[in-house]
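As they're listed, the protein sequences go chains A and B. For the first sequence, full-length UniProt numbering assigns the number 1 to the initial residue and increments by one for each residue that follows. For the second sequence, full-length UniProt numbering assigns the number 1 to the initial residue and increments by one for each residue that follows.
There are 2 protein chains.
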Amino acid sequence: MAKQVFIAVIGLGGVGKAFLSQLEFVRQRLATQNPPIDLRLILARRSTKQLFSQDFAHLNTQTVASDLDSKGTPPPPFNETFGQLARAPGKVVLVDNTSDVGLASLYPMVLQRGISIVTPNKKAFSDKYELWESIFKSAANGTGSPSNGYVFHESTVGAGLPVLSSLKELVDTGDEVTKIEGVFSGTMSFLFNSFQPLGGGGGKFAAEVKKAKELGYTEPDPRDDLNGLDVARKLTILARIAGLPVESPTSFPVQSLIPKELESASSGDEFLQRLPEFDAQMDQLKEEATKEGKVIRFVGSIDVPSKQVKVGLEKFDASHPIAALKGSDNIINFYTKRYGSNPLIIQGAGAGGDVTAMGVTGDLLKVIRSLQ
Amino acid sequence: MAKQVFIAVIGLGGVGKAFLSQLEFVRQRLATQNPPIDLRLILARRSTKQLFSQDFAHLNTQTVASDLDSKGTPPPPFNETFGQLARAPGKVVLVDNTSDVGLASLYPMVLQRGISIVTPNKKAFSDKYELWESIFKSAANGTGSPSNGYVFHESTVGAGLPVLSSLKELVDTGDEVTKIEGVFSGTMSFLFNSFQPLGGGGGKFAAEVKKAKELGYTEPDPRDDLNGLDVARKLTILARIAGLPVESPTSFPVQSLIPKELESASSGDEFLQRLPEFDAQMDQLKEEATKEGKVIRFVGSIDVPSKQVKVGLEKFDASHPIAALKGSDNIINFYTKRYGSNPLIIQGAGAGGDVTAMGVTGDLLKVIRSLQ
């Protein structure tokens, strides 16, 4: 009989749905490999409903989202759900496609119950350092017992781009990472590639923010992108993997692009309406950069030896790979002792349901390989 | 007692020595993890000598190269060496740091004996398709028995850059890879970045080849780089992972930069002496590209749907990431359905002892995780 691995999915938004489609692909492949593995989806849960396969039979990945709507029951407390999962007759992998910090705070307990976790949930790994420590003290691939669960979170930085796995390999093989620098937000990438494209031109900043929102590149309230916190969370994760015990995403300098006067605007719409008042400031920054033959980009950087982490606007020469970025791509530069003056660079889409789900599915395959 | 994993190293050139240093780093880390792993170097072998630890005690990684010279014995046939390894009281990993096709042809048998393999040896994976099939039919991470050895070869393309692992993840999670294109040779990268730098200038082609040789960027006979075969081997490996059963590195169009008239030159020195006779041809290519606002680069590309693989000179717009490459860096663009019009890009040093060894050491860590 094929070895069974049980999958529980929490969160069925864009990433969750893309994950289910990839899960089906992986499931069919693993069923025919040697030895075969029987991947079974046994739980789907969103904020208002839960569908649990009492007999641990496989739920249909293609219909589970609608089945959850029609047949789902009000979700019990998380602890009860984990109790249900722990009774499965084999290893369980929890796929957390939410950004729920409450769920994240339960990871250590989940791992201690032998349940593995794969997730794009940044909160879990960028909140207080205490939670980070607690997660990796509980994980089989941390310093936890080998019978505990594994945890992987590739998609928390750069979505499906191989950012965290590459950084881990540099660290695990003994390279010295000296600096990490890059554009870690698709929104910020799109905004500044439009505001000050290589070769000149570009619109007013407020108009570009409005355009980005209309194209779906920003959060419903663009201030949730412009405050820099999303980038700060990613930097927190990278810094911790690089060995710096960063306390939280607010424990280092983060430049917000929200003018002080607009922090208290009552809505995203009011914010957008008043943002043009500050275009002159942004134009001045653009002009200064242009005079130096440079462009402005919103970047995060980690200087490892001096333990300095920061997020904000920087100027880059036109010949710098960060200046040449296109569309809403992310770019990550790893400067290390082995790579010398030219960094190891990873670049591409760093947001979107399909590529984020890919990182999660890739992590699921890592767990399955570790469980063999 | 800590679980033991036994390491055998064949080939102690630049990569082999860098690997030994990284092995020591990894060994000390694994010894203190929970549960600890006791990595033991039990065999070192080069073309003329072998040192084998009869009692499977750990050989000193720092002195093994000189101990091999002073205490090594003439190496027995490979089969005998593998027999010695198979008697180790635990899992064995063979680290093949050679480019020996004879050794590569024995991989299937090695894997069937339960010995895992990690290697930067391109020959093993780019020779006849039959050998590729035979290797992966024998590997535990192919379609072989789970008790067979694992095989990983990240460093065969782009050295330590996460090229193969990224391509495998795209394929394994169900993305459709449509095109792979890049600069896969540090030598070719350096040559063309010097011959036609972005922004104009650059020397005569023959002079740039001479300079590259003097700086140690070419093989002793530069024709071994200019014939394109090294790049063709890498393309063969990538194409096979992408699902194309490419027969051999000579079964698709490969443009050689060696003028027909100089193929028979008796030595690399004679070749270099006569190469300036052909500078006019190369200058003409450069002028044509310049007129179109482009630069020439030596690239490999795989068009997956049409199954076309080719290696040779191509012209790129100044704004293309391939045009903007620096020094001797490699760049690999993966165009996929999920990534859309902007490819997933990986860039950085693709040659050199330390970064090549890093790919090998990273593969060793993958084997160890799989063996858990």
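Ideal Cβ positions, reconstructed from N, Cα and C, are used throughout, including at glycine.
- Counted as a single uninterrupted DSSP element, the stretch harbouring B/G90 is not any alpha helix (DSSP H), since DSSP gives it neither H nor E.
- If you check the CB distance, A/G201 and A/A351 do not come in under 9 Å.
- Close partners of A/S166 in chain B (Cβ separation under 8 Å): P162.
- At the C-beta level, B/L12 and B/R27 stay beyond 9 Å of one another.
- Here the C-alpha atom of B/A44 lies approximately 6 Å from the C-alpha atom of B/Q50.
- For the alpha helix (DSSP H) assignment, the uninterrupted runs of no fewer than 4 residues enclosed by the segment 145-225 of chain B are, from N- to C-terminal side, 163-172, 186-195, 205-214.
- For B/E169, at least one C-beta of chain A is nearer than 9 Å to its own C-beta.
- As DSSP reads the structure, A/F52 sits in a beta bridge with A/L43.
- Cα atoms of B/D317 and B/K3: separation of roughly 54 Å, rounded to the nearest angstrom.
- At a beta-carbon threshold of 7 Å, the residues of chain A lying near B/K326 are N342, ordered along the chain.
- Closest in C-alpha terms to B/D283, from the list B/K213, B/Q196, B/N227, comes B/Q196.
- Counting C-beta atoms within 10 angstroms of its own C-beta, A/N60 has fewer than 16 neighbours from the protein chains shown and is therefore classed as exposed.
- Listed by position along chain A, the residues whose Cβ is nearer than 8 Å to that of B/T143 are Q33, N34.
- Sequence-distant Cβ neighbours of A/L215 in its own chain, meaning closer than 6 Å and more than five residues away, do not exist here.
- Relative to the Cα of B/S306, the nearest Cα in the group B/P321, B/N121, B/A242, B/V367 belongs to B/A242.
- Distance from the CA atom of B/P245 to the CA atom of A/I345, rounded to whole angstroms, is 30 Å.
- Interface criterion not met: the Cβ of B/M188 is under 9 Å from no Cβ in chain A.
- If you draw a 10 Å sphere on the C-beta of B/A357, you find 16 or more other C-beta atoms in it, and that means buried.
- With a 10 Å radius around the Cβ and a threshold of 16 neighbouring Cβ atoms, A/S189 comes out buried.
- Taking one beta carbon from each stretch, the segment 284-293 of chain B and the segment 219-231 of chain B have fewer than 3 pairs nearer than 8 Å; the two do not touch.
- Nearest CB-CB separation between A/A349 and chain B: below the 9 Å threshold.
- In this model, A/I42 and A/A104 are separated by some 20 Å (Cα to Cα).
- Among the residues facing chain B, A/D96 is not included, as its CB has no counterpart in that chain under 9 Å away.
- For a Cβ distance threshold of 7 Å, nothing in chain B lies close to A/I258: the least Cβ distance comes to about 28 Å.
- DSSP, reduced to helix, strand and coil, places A/E263 outside both helices and strands of the structure shown, so it counts as coil.
- Under the Cβ criterion of 9 Å, A/P108 is not counted among the residues facing chain B.
- Residue-level contact check: B/L365 touches chain A, since one or more beta carbons of chain A fall below 9 Å from its beta carbon.
- Taking 9 Å as the CB threshold, B/S53 stays off the interface with chain A.
- If you ignore the 5 residues before and after A/L272, its C-beta comes within less than 8 Å of the C-beta of A206, V209, K210, K213, P222, all in its own chain and listed in chain order.
- Listed along the chain, the chain A residues whose CB falls inside 7 Å of the CB of B/Q22 are T173, G174.
- In this structure the segment 319-327 of chain A does not lie against the segment 246-255 of chain A, because fewer than three pairs of beta carbons, one per stretch, are closer than 8 Å.
- Comparing alpha carbon positions, the residue from A/Y335, A/I7, A/V367, A/T156 closest to A/I180 is A/Y335.
- Contacts with chain B (Cβ-Cβ distance below 7 Å) from the segment 120-149 of chain A involve T143, P146, listed in chain order.
- When C-beta atoms of the segment 119-126 of chain B are compared with those of the segment 86-106 of chain B, three or more pairs fall below 8 Å, so the two segments count as touching.
- With contacts defined by Cβ atoms closer than 9 Å, A/V360 and A/Y150 do not form a contacting pair.
- In the DSSP assignment, the residues bridged to A/D329 are A/A349.
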